[in-house]
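Numbering that gives the first Met the number 0 applies: residue 0 is where the sequence shown begins, and numbers increase by one.
Reviewing the structure listed below.
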Amino acid sequence: MRQRGGAKVKEVAYLIVNRLGIHARPAAEIAKIASKYDCDVTLLGNNKQANAKSLLMIMALGIKNGQEVTIAVNGPDEDKAIEALDVLITNNFYED
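Below, the structure written as structure tokens:
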């Protein structure tokens with residue numbers, strides 16, 4: 000956990016192991032899940048950051064197999080959002 004603008008932000012890092020990385024389908028799943036929750040959800044990777052509720056911003060990160068991505072959440076539903084995204088990512092986006 001770290002502070003950003005006075006607010007505590009929860010962060011979890013993941014190693015992306017699915018063969019194609021975060022391509023269109025996983026990015027769409029991330030955005031769909033993140034959009035369900037009342038909190039800010041940010042993806043950090045490749046020295047860039049993206050609003051995790053935006054498919055295009057996630058795709059612009061260009062996260063490949065073997066790269067690390069960090070999810071940062073802040074807001075009322077942060078625990079629910081992190082839990083739902085954790086299930087998606089630890090199950091390799093239900094691919095492979």
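Here a beta-carbon is modelled for each residue, glycine too, at the ideal position from N, C-alpha and C.
Measure the beta-carbon distance from residue i to residue j and round it to whole angstroms, keeping in mind my assumption that it falls under 8 Å.
{"i": "THR41", "j": "ALA49", "result": "7 Å"}
{"i": "ASN64", "j": "VAL16", "result": "7 Å"}
{"i": "GLU67", "j": "LEU14", "result": "6 Å"}
{"i": "ASN73", "j": "ASP39", "result": "5 Å"}
Over the uninterrupted beta strand (DSSP E) stretch that includes residue i, give me the two end residues.
{"i": "LEU42", "result": "39-44"}
{"i": "LYS47", "result": "47-50"}
{"i": "GLU67", "result": "67-73"}
Compare the C-alpha of residue i against each of the options and name the closest.
{"i": "GLY20", "options": "LYS7, MET58 and SER34", "result": "MET58"}
{"i": "GLY61", "options": "ALA23, LYS7, ALA12 and VAL8", "result": "ALA23"}
{"i": "LEU43", "options": "LYS35, LYS79 and VAL8", "result": "VAL8"}
{"i": "ASN45", "options": "ASP78, ILE32, ILE70 and GLU28", "result": "ILE70"}
Just how far apart, CA to CA, sit residue i and residue j?
{"i": "ALA51", "j": "LEU84", "result": "10 Å"}
{"i": "SER53", "j": "TYR93", "result": "20 Å"}
{"i": "VAL11", "j": "ALA26", "result": "17 Å"}
{"i": "ASP76", "j": "LYS35", "result": "9 Å"}
Taking the continuous alpha helix (DSSP H) assigned at residue i, which residues delimit it?
{"i": "VAL86", "result": "77-89"}
{"i": "ILE138", "result": "Since the first residue of the chain shown is 0 and the last is 95, residue 138 is not available in this structure."}
{"i": "ILE57", "result": "54-60"}
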